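Numbering of the sequence shown is given in the numbering used here, commencing with residue 748 and proceeding in unit increments.
We put the beta carbon where it would ideally sit given N, CA and C, even for glycine.
Computed from a prediction, not measured in an experiment: that's the story for all the values here.
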Amino acid sequence: MRWFLQSACAALIPATVEERSLECVVKPKIFIISMLKSEASNKPNRLLTIVLWQFDPEATVWWGIDEFDILAMNITVPGFSPLFPEAHCTADGEICQIVIGESEINAATSIMALAYSSRFDLTSTYFLVAGIAGVNPEVATICSVTFARYAVQVALQYEFSQLEIPSNFSTGYVPLGATTPDEYPENIYGTEVFEVNQNLQKIAAGFARKATLNDSDDAILYRANYAANEAYAAGAAPSGPSVVECDTATSDVYFSGTQLSEAFSNYTTLMTNGTGNYCTTAQEDNATLEAFMRAAVNKLVDFSRIIIMRTASDFDRPYPGEAATTNLFWAEQGAFEPAIQNIYLAGIKVVEGILDNWNSTFAGGVNASNYIGKSPY
């Protein structure tokens, strides 16, 4: 093991004297961010790509693949989740993975630990947030792959029980400092909306469109039910899953149903000045982006190098005539496994696209033509 660490570090950046022996700084080109993994130098390595996973199946879909061995080098990082204490990297340190766990708190603390770790140089690293999500049938269908420009923290509002709201309220959610659901908030916490590099978003989506996406017989049957509502034509999609550029909602509450989904869609429109397109639902992205924002202020990461990719594992609301609880708890939507596989099928095209075009396009960064960071709207 001692020999392996010395050999691995030799190909990376030499360690400085103040850092612990047998450690090196990894400088990845790509870092993959996942939420969970499944059972299925002292100088930091300079990472080129980091893939960020949220939970188990999202992480292990990258393990044992033909393209690279993400488990060749495993680095324990103080501050990571006790369930997922290691970053995983290829032997050359060009591609790494972190499993951040689920929910906003887990995401924020794990990303902060990564960004401030002395084991990594992330100043030129691309971050690929790669996880599953619920999907809005007005915009896309299950098993699809989405790339976001905006992440909106939709539940950061006042909340009243639907049973106790006035008759002229469309929802029990009211923006902070406002008195009705459709007012812009008076009180801003600073994490409500983030905007990432739209040019990079489009490039990543273009890479992903080269993939052949997985589907399932159950998913084909289930999405057909949404054809009963013309507004859900994208969800019914007889052509099956596709790559879609649309935006993501963050909420610790795992919500489901037409009323809540419509309320959060309206909030997304409000908070992005009509430019956002509510599409996917997740529990981590705004927290991940706030941690990256703080790191970027301290020049530890480049905020313009973040990609948010979510694959659609379930619909965020029922089809006409179906109960919301049935849609969430009991319906056989048939999309979970294809969505997990599509993380890899689409994500590997993004990773390969960045690495193959590193010198010509990505080493110096992709210039953003839009505002990036905390949205000005």
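Practice task
Please state if the CB of G1023 and the CB of D994 are separated by a distance shorter than 7 Å.
Solution key: Here the question's residue 994 lines up with position 247 in the sequence shown. Here the question's residue 1023 lines up with position 276 in the sequence shown. Closer than 7 Å, so yes.
Exercise for the section: Would you mind reading off the limits of the alpha helix (DSSP H) that contains R1041? Expected result: As a first step, residue 1041 is located in the sequence shown; it is residue number 294 there, counting from the start. Where R1041 is concerned, the enclosing alpha helix (DSSP H) stretches over D1032 to V1044.
Practice task
Would you please state the rounded distance, in angstroms, between the beta carbons of I950 and A877? I believe it to be under 8 Å.
Solution key: Within the sequence shown, the letter at position 203 stands for residue 950. Within the sequence shown, the letter at position 130 stands for residue 877. I950 to A877, Cβ: 16 Å. No contact.
Problem - D1061 - partner residues in DSSP beta bridges - result: Start at 1 with the first residue of the sequence shown, and residue 1061 comes out as number 314. For D1061, which the question treats as bridged, DSSP gives the partners G881.
Handout entry: Sequence-distant residues of the same chain with beta carbon closer than 8 Å to Q742, five excluded per side
Key = The chain is shown only over 748 to 1124; residue 742 falls outside these bounds and no answer can be derived.
Problem - Nearest residue (CA-CA) to V990, options K957, E1031 and S998 - result: The count along the sequence shown starts at 1 and reaches residue 990 at position 243. That would be K957, whose Cα lies nearest to the Cα of V990.
Exercise for the section: Could you tell me the distance, in whole angstroms, from the CA atom of G1094 to the CA atom of Y1014? Expected result: Working through the sequence shown from its first residue, we reach residue 1094 at position 347. Working through the sequence shown from its first residue, we reach residue 1014 at position 267. Taking the straight line from one Cα to the other gives about 29 Å.
Handout entry: Cβ-Cβ distance between A981 and A1082 below 7 Å
Key = For this step, residue 981 is matched to residue 234 along the sequence shown. For this step, residue 1082 is matched to residue 335 along the sequence shown. No; because the gap between Cβ atoms is not below 7 Å, this pair is not in contact.
Practice task
Just the C-alpha distance for N1104 and F1076, rounded to the nearest angstrom, thanks.
Solution key: Working through the sequence shown from its first residue, we reach residue 1104 at position 357. Working through the sequence shown from its first residue, we reach residue 1076 at position 329. Distance between the alpha carbons of N1104 and F1076 is about 43 Å.
Handout entry: Where N821 falls, given that 16 or more other Cβ within 10 Å makes a residue buried
Key = Locating residue 821 in the sequence shown gives position 74, counting from the first residue. Exposed, because fewer than 16 other Cβ atoms sit within 10 Å of the Cβ of N821.
Exercise for the section: Look at the alpha carbon of V846 and the alpha carbon of A860, and state the distance between them as a whole number of angstroms. Expected result: Along the sequence shown, read from residue 1 onward, the residue named residue 846 stands at position 99. Along the sequence shown, read from residue 1 onward, the residue named residue 860 stands at position 113. One C-alpha to the other measures close to 12 Å.
Problem - Proximity winner among N946, A854, W810 and S1116, relative to I1087 (alpha-carbon distances) - result: Position 340 of the sequence shown, counted from the start, is the residue given in the question as residue 1087. The candidate whose alpha carbon is nearest that of I1087 is W810.
Exercise for the section: List the DSSP bridge partners of Q900. Expected result: Taking the first residue of the sequence shown as position 1, residue 900 is located at position 153. Answer by DSSP bridge pairing, in chain order: T997.
Exercise for the section: Could you check the C-alpha separation between F1109 and P884 for me, to the nearest Å? Expected result: In the sequence shown, the residue the question calls residue 1109 occupies position 362. In the sequence shown, the residue the question calls residue 884 occupies position 137. Going from the Cα of F1109 to the Cα of P884 covers about 34 Å.
Problem - Coarse secondary structure for K731, derived from DSSP in three states - result: The structure shown does not extend to residue 731, since the chain spans only 748 to 1124, so no value can be given for it.
Problem - Limits of the unbroken alpha helix (DSSP H) element including K1096 - result: In the sequence shown, counting from the first residue as 1, residue 1096 sits at position 349. K1096 -> alpha helix (DSSP H) spans F1083 to D1103.
Exercise for the section: Would you mind listing the beta strand (DSSP E) stretches within the stretch 924-982 that are 3+ residues and don't spill past its ends, in chain order? Expected result: 940-942
Practice task
Can you grab the Cα-Cα spacing for the pair E1031 / L947, in whole Å?
Solution key: Translated into positions along the sequence shown, residue 1031 becomes position 284. Translated into positions along the sequence shown, residue 947 becomes position 200. So the alpha carbons of these two residues sit roughly 20 Å apart.
Handout entry: Cβ pair count under 8 Å reaching 3, the stretch 825-841 against the stretch 1111-1118
Key = no
Practice task
Quick one: residues in its chain with C-beta nearer than 6 Å to the C-beta of A978, no 5 flanking neighbours on either side, listed in chain order?
Solution key: Translated into positions along the sequence shown, residue 978 becomes position 231. The answer, listed in chain order, is E885.
Practice task
Just mark I1101 as buried or exposed, buried being the case when its beta carbon has 16 or more other beta carbons within 10 Å.
Solution key: Your numbering for residue 1101 matches position 354 in the sequence shown. It is buried - the Cβ of I1101 has at least 16 other Cβ atoms within 10 Å.
Problem - Buried or exposed by the 16-neighbour rule on C-beta atoms within 10 Å, applied to V899 - result: Numbered from 1 along the sequence shown, position 152 holds the residue referred to as residue 899. So V899 ends up on the buried side.
Practice task
Leaving aside the five residues before and after D816 along the sequence, list all residues of the same chain whose C-beta is less than 8 Å from its C-beta, in chain order.
Solution key: For the purposes of this step, residue 816 is taken as residue 69 along the sequence shown, with counting starting at 1. If we look at D816 and ignore the five residues flanking it on each side, its Cβ neighbours are T837 and A838.
Handout entry: Whole-angstrom distance between E814 and Q904, CA atom to CA atom
Key = Against the sequence shown, residue 904 aligns to sequence position 157. Against the sequence shown, residue 814 aligns to sequence position 67. Spanning the two alpha carbons is a distance of roughly 44 Å.
Problem - I779, enclosing beta strand (DSSP E) - first and last residue - result: The count along the sequence shown starts at 1 and reaches residue 779 at position 32. Segment I777 to M782, the beta strand (DSSP E) holding I779.
Exercise for the section: Return the chain-ordered list of same chain residues with a C-beta closer than 6 Å to the C-beta of E786, the five sequence neighbours on each side being excluded. Expected result: Walking along the sequence shown from the start, residue 786 turns up at place 39. Legend: pLDDT at E786 = 38, less than 50; position of this residue unreliable, value from coordinates given subsequently. So no residue of the chain qualifies.
Practice task
Rounded to whole angstroms, what's the CA-CA distance from A983 to A974? Just pull it up for me.
Solution key: Against the sequence shown, residue 983 aligns to sequence position 236. Against the sequence shown, residue 974 aligns to sequence position 227. Roughly 5 Å between the two C-alpha positions.
Practice task
Taking only the alpha-carbon atoms, compute the straight-line gap between P988 and V1000 and give it to the nearest angstrom.
Solution key: By one-based count along the sequence shown, residue 988 stands at place 241. By one-based count along the sequence shown, residue 1000 stands at place 253. P988 and V1000: Cα-Cα distance of roughly 26 Å.
Exercise for the section: Would you decide whether K776 is buried or exposed? Buried here means 16 or more other CB atoms lie within 10 Å of its CB. Expected result: Your numbering for residue 776 matches position 29 in the sequence shown. Buried, because 16 or more other Cβ atoms sit within 10 Å of the Cβ of K776.
Handout entry: Start and end residues, beta strand (DSSP E) containing T823
Key = Residue numbering aside, residue 823 sits at position 76 when the sequence shown is read from its first letter. Looking at the DSSP string, the run of the beta strand (DSSP E) that includes T823 is M820 to T823.
Exercise for the section: Please go through the same chain and pick out, in chain order, the residues whose beta-carbon is closer than 7 Å to the beta-carbon of L830, but skip the five residues on each side of it. Expected result: To locate residue 830, count along the sequence shown from 1; it is residue 83. So the qualifying residues of the chain are G848.
Practice task
Compare the beta carbon distance of R1057 and T893 with 7 Å and say whether it is the shorter of the two.
Solution key: For this step, residue 1057 is matched to residue 310 along the sequence shown. For this step, residue 893 is matched to residue 146 along the sequence shown. Yes, they are a contact pair.
Exercise for the section: To the nearest angstrom, report how far apart A1078 and L1017 are at their CA atoms. Expected result: Along the sequence shown, read from residue 1 onward, the residue named residue 1078 stands at position 331. Along the sequence shown, read from residue 1 onward, the residue named residue 1017 stands at position 270. The alpha-carbon atoms of A1078 and L1017 are separated by roughly 32 Å.
Practice task
Along the beta strand (DSSP E) that carries F894, what are the first and last residues, could you check?
Solution key: Numbered from 1 along the sequence shown, position 147 holds the residue referred to as residue 894. V892 to F894 is the extent of the beta strand (DSSP E) around F894.
Problem - Cβ shell of I967 (< 8 Å), same chain only, five flanking positions each side left out - result: Position 220 of the sequence shown, counted from the first residue, corresponds to residue 967. Result list for I967: G987 and G1081, in chain order.
Problem - Alpha-carbon spacing of F827 relative to V1098, whole angstroms - result: Stepping through the sequence shown from its first residue, residue 827 is reached at position 80. Stepping through the sequence shown from its first residue, residue 1098 is reached at position 351. Cα to Cα, the separation comes out at about 24 Å.
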